[in-house]
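Below is one structure; the comments refer to it alone.
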Amino acid sequence: MTACYPNTRLRRTRAHAWSRNLHRETMLTPADLIWPLFVTSGKGVEEPIASLPGVSRWSVDGIAARAKEAVDLGIPVIALFPNTPHDLRCEQGAEAHNPDNLMCQAIRAIKDACGNEIGVLTDVALDPYTSHGQDGLIDAGGYVLNDDTVAMLVDQAVNQAEAGADIIAPSDMMDGRIKAIRMALEMNGHCNVQIMSYAAKYASAFYGPFRDAVGSGGLLKGDKKTYQMDPANTDEAIREVALDIAEGADSVMVKPGLPYLDIVARVKAAFDVPVFAYQVSGEYAMIEAAAAAGAGDRDALVLETLLAFKRAGASGVLTYHAAHAARLLNG
Ligand code: PBG
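Under our numbering, the first residue of the sequence shown carries the number 8, and numbering increases by one thereafter.
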């Protein structure tokens, strides 16, 4: 052994907590989190979702209370998804355009309760409103029509903006919808309403509990493979992101999250735009099931997975663990 062996000891900086703190490359804070919430009708209603243990649907008053909680926790944005009453669902998803639908009521309630202390992100897609559970209009064979759907999405987005939405998040994967929505927002005086595009959204098996939560799961026949991306593809994600940026997206999203961190990292390396990731319902359920089975410590699993998104290059993460994680981070 020579006197200077080993020259480099990477364990040296790991030896004490103060040093690990000093050398940490990535930070996770509550400001990195976006909290998805499910809205349901009624008053004073909380409906637990069996496939998402710990997550509930809330009536509008409960959503406003969650928004106040988010402000207190330092969470900057709430994402809204409606569980539209089944008698209001139809082939065309017309309820999406109702200025008094659950989404619009929830947006207004949050703005009344919190003003601009919190941002409201709204999902644009027709699946919570259609009787067939697809994200768009279908033809006789069940194929989702692109351009006809885009026209509907434009109206849906403007309806949400009129109610006070801050960030429009189209999750439908139709071609050309970002440009159409951007133009409509500009023409209707909503030039400061942002668009966070679900740019690289995959046809994933991880969305099951979400579909239970918005009540579309039982309605959906077939799959969404003719519009959501093939999980085998990565070059195509780059093309999707490039198009959405060119069409006017302010930020882009990769979805699902953990199994797609390579996409997050590649998108971040390729473009100078904020990239967000969605840790989706099936991922949440997986973590909860692992913790319940004693396969890992829940809090540690939550914080490690969320930190991994930051390390991969994400500006922030949509996660059902947002409130819990923020509480842990706030100590
Ligand atoms: C629908 C939409 C989905 C999710 C967000 N928006 C489901 C789908 O595409 O079928 C999934 C989110 C999750 O699983 O947590 N437009």
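Note that beta-carbon positions come from the ideal geometry of N, C-alpha and C, so glycine has one too.
The structure presented is a predicted model; accordingly, all values stated were derived computationally and were not measured.
beta-carbon residue i near ligand 1 non-hydrogen atom, thresh 6 angstroms
i, result
"S48", "no"
"V5", "A question about residue 5 goes unanswered here, because the residues of the chain that appear run from 8 up to 338."
"A132", "yes"
"V287", "yes"
"S178", "yes"
"D142", "yes"
"Y150", "no"
"F217", "yes"
"Y234", "no"
"Y12", "no"
"Y209", "no"
"D136", "According to the sequence provided, residue 136 is Tyr. The question's Asp does not apply to it. Flag unset: Cβ of Y136 not near ligand 1."
"Y267", "no"
Expected contact under 8 angstroms - CB spacing of residue i and residue j to nearest Å
i, j, result
"P216", "L35", "Not really, about 24 angstroms apart at Cβ, beyond 8 angstroms."
"S204", "P177", "6 angstroms"
"Y209", "M236", "5 angstroms"
"A3", "V261", "Within the shown structure, residues of the chain are numbered from 8 to 338, placing residue 3 beyond reach of any answer."
"I82", "A315", "With a Cβ gap of about 19 angstroms, I82 and A315 do not count as contacting."
"A172", "I114", "5 angstroms"
"M181", "T156", "5 angstroms"
"G196", "H93", "With 8 angstroms as the limit, G196 and H93 do not qualify as a contact, their Cβ atoms being about 34 angstroms apart."
"G229", "G148", "So it is not a contact: roughly 11 angstroms between Cβ atoms."
"G6", "D134", "Here the chain has residues from 8 to 338 only, and residue 6 is not among them."
"V151", "L160", "The pair is not a contact, with the Cβ atoms about 12 angstroms apart (cut-off 8 angstroms)."
"P43", "Y327", "6 angstroms"
Extent of the continuous beta strand (DSSP E) run through residue i
i, result
"E54", "53-55"
"D130", "126-131"
"A346", "A question about residue 346 goes unanswered here, because the residues of the chain that appear run from 8 up to 338."
"V282", "282-286"
"L336", "Run containing L336: none in the beta strand (DSSP E); it sits in the alpha helix (DSSP H), 329-337."
"I252", "First-last for I252: 242-254, but that is the alpha helix (DSSP H), not the beta strand (DSSP E)."
"I41", "40-46"
"L87", "84-89"
"Y205", "201-208"
"S258", "258-262"
Start and end residues, alpha helix (DSSP H) containing residue i
i, result
"S26", "24-30"
"R64", "Looking at the DSSP string, R64 is not in any alpha helix (DSSP H); the run it does join, the beta strand (DSSP E), is 63-65."
"T156", "153-170"
"P60", "Looking at the DSSP string, P60 is not in any alpha helix (DSSP H), and its letter there is neither H nor E."
"L325", "Not the alpha helix (DSSP H): L325 falls in the beta strand (DSSP E), residues 323-326."
"F213", "Careful: F213 lies outside any alpha helix (DSSP H) and carries neither H nor E."
"K275", "268-277"
"M194", "184-194"
"M181", "Careful: M181 lies outside any alpha helix (DSSP H) and carries neither H nor E."
"L308", "305-319"
"K118", "109-121"
Nearest to residue i (by Cα), restricted to the options the options
i, options, result
"R273", "E98, I245, I145, K262", "I245"
"L87", "V127, H331, A101", "V127"
"Y136", "D119, A103, A24, R305", "A103"
"I70", "V52, I174, S288, D79", "V52"
"Q342", "T33, N153, A24, I41", "The requested residue 342 is not part of the displayed model; the chain covers only 8 to 338."
"N337", "P37, I294, G320", "P37"
"A256", "V282, V271, N166, P263", "V282"
"L308", "H331, T241, R218, L227", "H331"
"N166", "G61, R16, D154, L109", "L109"
"K186", "R18, I252, A132, L313", "I252"
"D162", "A132, W25, E295", "A132"
Neighbour flag for residue i against chain C, beta carbons, 7 angstroms
i, result
"H104", "You won't find chain C in this structure, because it holds only one protein chain."
Mind the definition here: the segment 248-259 touches the segment 268-288 only if three or more C-beta pairs lie below 8 angstroms; say whether that holds. yes
Per the contact definition of three or more C-beta pairs closer than 8 angstroms, is the segment 11-21 in contact with the segment 66-78? no
Three or more beta-carbon pairs under 8 angstroms between the segment 35-51 and the segment 60-68, yes or no? yes
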